[in-house]
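Worksheet for the structure shown next.
Protein chains: 2
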Amino acid sequence: MEFKVIEIKQGVLSANDRDADALRQKLKENGAFLLNVMSSPGSGKTSTLLQTIPRLSEALRIGVMEADIDSDVDARTVASTGARVIQLHTGGMCHLDAEMTRQGLEELGYGDLDLVILENVGNLVCPAEFDTGAVKNAVILSVPEGDDKPLKYPLMFTVADVLLVNKMDAAACFDFDLDRFVQRVHALRPGIPIFPISAKTGEGVEPWCDWLRQQVRQWQDA
Amino acid sequence: MEFKVIEIKQGVLSANDRDADALRQKLKENGAFLLNVMSSPGSGKTSTLLQTIPRLSEALRIGVMEADIDSDVDARTVASTGARVIQLHTGGMCHLDAEMTRQGLEELGYGDLDLVILENVGNLVCPAEFDTGAVKNAVILSVPEGDDKPLKYPLMFTVADVLLVNKMDAAACFDFDLDRFVQRVHALRPGIPIFPISAKTGEGVEPWCDWLRQQVRQWQDA
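Chains as they are written, first to last, in this note's numbering: chain B, 158 to 379; chain Z, 158 to 379.
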């Protein structure tokens, strides 16, 4: 499957929240659910998509927007799932805002899609500050990054609607206390669903996919 | 040992390069070497300092500035080495510029120090765009992040003067090709020294400390 490389520019930041709400409204009218996936570089956003998309593609029509400062390696990889994929180049920007997301969605086309997944720039700081217009924000934290990250990057965990703890297969190599991590996340965002997974082995991916499938249906039916 | 928490604000960005050069000149006059340490969140900046400082503290008088958006966990940890430590809160900013670094150095005091280590905000994107006034930039990439990071975050590897590949002890858990990684880094930054280390076990830390000790002496003698 082919994909496009789109050069996008930063929108008007001051109007971002209004743009984001307008975009969500438009997605709603088209019955499309936008999921914004954020994490540090190397936490496993792309490999999580590789596990997620095949499990959902029978029930849902899926599109993916891969945002990167440079390169198109992720778009090439994700295109192998058969999903409709475009690459967004942010031109050095460390995040996406609602206008950049809207431009990407126009290029991708979403009138015939149930689920669009936006893989944001790998960054645990800046993307948290900009509402992209997504219906839900998913944050991935991988075990090797450490269980203290909610203390250091609180905004990212505060804006998350769902949290994936990736690389559980490597847990034996690291001093990662999942209970302590969950406590720290819930102190910032009480009751947020947390799914420990391994995007390498597929362990734990099924419950996460069930959650996402349900979210898309609720959005479309409401 | 006690440490201070300083609230700093973003300086005038347009003049950043000039500010950075002026700061380097001032450091030079005082015989102080400033090392700017950058990486993704969770790559092991703090644990690398915990291995590095005790090995150098007999020969060098060392100060540390811990920059974080929030929290003071890193400063508390590093203070245990006996180094003079201050915590810089960036007030939500995702990077440090030269003026913020200058304010931090004034608070720390560096007239009596040989080496000041700045632990920048955990972010593989934004800090690469701002010259802090450091004499050298060290970048840490950890094995679990993957060997493709130079392709996705080229600026960070282009501004690096030295590169540490951390968490080598966990290499067996991950598909990380060190040779391929080195090739990708050297394509961006030919000849840059690269030290594979484990901040957990101390493996490989000695050659990195030798390199840093030599850099400080050259700066002071030149």
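Backbone N, C-alpha and C define an ideal beta-carbon position, used for all residues, glycine too. A quick note: this is a predicted structure, and the numbers were derived from the prediction, not measured.
- Message: Checking 8 Å against the spacing of the C-beta atoms, do S299/B and G201/B come in under that value?
- Response: yes
- Query: With which residues is M195/Z paired in a DSSP beta bridge?
  - Reply: V296/Z
- Query: If we ignore side chains and look at the alpha-carbon of each, how far apart do M313/B and I354/Z end up?
  - Reply: 29 Å
- Query: Comparing the C-beta of K306/Z with each C-beta of chain B, is any distance below 8 Å?
  - Reply: yes
- Residues that N99/B contacts on chain Z, provided the C-beta gap is smaller than 7 Å: This structure does not reach residue 99/B, given that chain B is present from 158 up to 379, and the question cannot be answered.
- Contact under 8 Å by Cβ, A295/B with D271/B: no
- Query: Run through DSSP, which three-state label would N173/B get?
  - Reply: helix
- Item | Nearest neighbour of R218/Z, chosen from R341/Z, D269/Z and G248/Z [CA to CA] | D269/Z
- Message: Please report whether the beta-carbon of A224/B lies at a distance below 8 Å from any beta-carbon of chain Z.
- Response: no
- Query: How long is the line joining the alpha carbons of A216/B and L262/B, rounded to whole angstroms?
  - Reply: 21 Å
- Item | Run of the alpha helix (DSSP H) containing P311/Z, from where it starts to where it stops | P311 to V316
- Query: Is the CB of G290/Z under 8 Å away from at least one CB in chain B?
  - Reply: no
- Message: Could you check whether the stretch 277–288 of chain Z touches the stretch 322–329 of chain Z, counting it as contact only if at least three pairs of C-beta atoms, one from each stretch, sit closer than 8 Å?
- Response: no
- Query: From which residue to which residue does the beta strand (DSSP E) around F352/Z run?
  - Reply: I351 to P353
- Whole-angstrom distance between Q244/B and I163/B, CA atom to CA atom: Because the pLDDT of I163/B is 46, which lies under 50, any placement of that residue in the model is unreliable, and the number read from its coordinates should be weighed accordingly. Their Cα atoms are separated by approximately 6 Å.
- Message: For Y310/B and I226/Z, which I take to be in contact (beta-carbon distance under 8 Å), what is that distance rounded to the nearest angstrom?
- Response: 7 Å
- With distances taken Cα to Cα, identify the nearest neighbour of K293/B among G266/B, R175/B, P364/B and Q375/B. Q375/B
- Taking 8 Å as the CB-CB limit, is C366/Z close to chain B? no
- Query: If T203/B sits next to I297/B, beta carbons under 8 Å apart, how far is it from one beta carbon to the other, in whole angstroms?
  - Reply: Not a contact, Cβ separation roughly 10 Å.
- Which bits of chain B does K202/Z rub up against, with CB to CB less than 8 Å? Chain B residues near K202/Z: none, gap ~11 Å exceeds 8 Å.
- Using a Cβ-Cβ cut-off of 8 Å, state whether F331/Z counts as contacting chain B. yes
- Task: Note the first and the last residue of the continuous beta strand (DSSP E) segment covering E276/Z.
- Result: L272 to E276
- Please classify M250/B: is it buried, with 16 or more other beta-carbons within 10 angstroms of its beta-carbon, or exposed? buried
- Name, going along the chain, the residues of the stretch 315–327 of chain Z whose beta-carbon falls closer than 7 Å to a beta-carbon of chain B. K324 and A327
- Message: Quick check on DSSP: helix, strand or coil for V342/B?
- Response: helix
- Counting only the same chain and skipping the five closest in sequence on each side, list residues whose C-beta sits under 8 Å from that of S214/Z. T238, G239 and A240
- What does P353/Z touch in chain B if you count any residue whose Cβ is under 9 Å from its own? Per Cβ cutoff of 9 Å: no residues; P353/Z is ~16 Å from chain B at best.
- Message: Cutting at 6 Å between CB atoms, please list the residues of its own chain near V242/Z, excluding the five before and the five after it.
- Response: F160, V221, A232, V235 and A236
- Residues of its chain near V278/B, where Cβ-Cβ distance is below 8 Å and the 5 sequence neighbours each way are ignored: A224, D225, I226, T247, M250, C251, H252, L253 and P284
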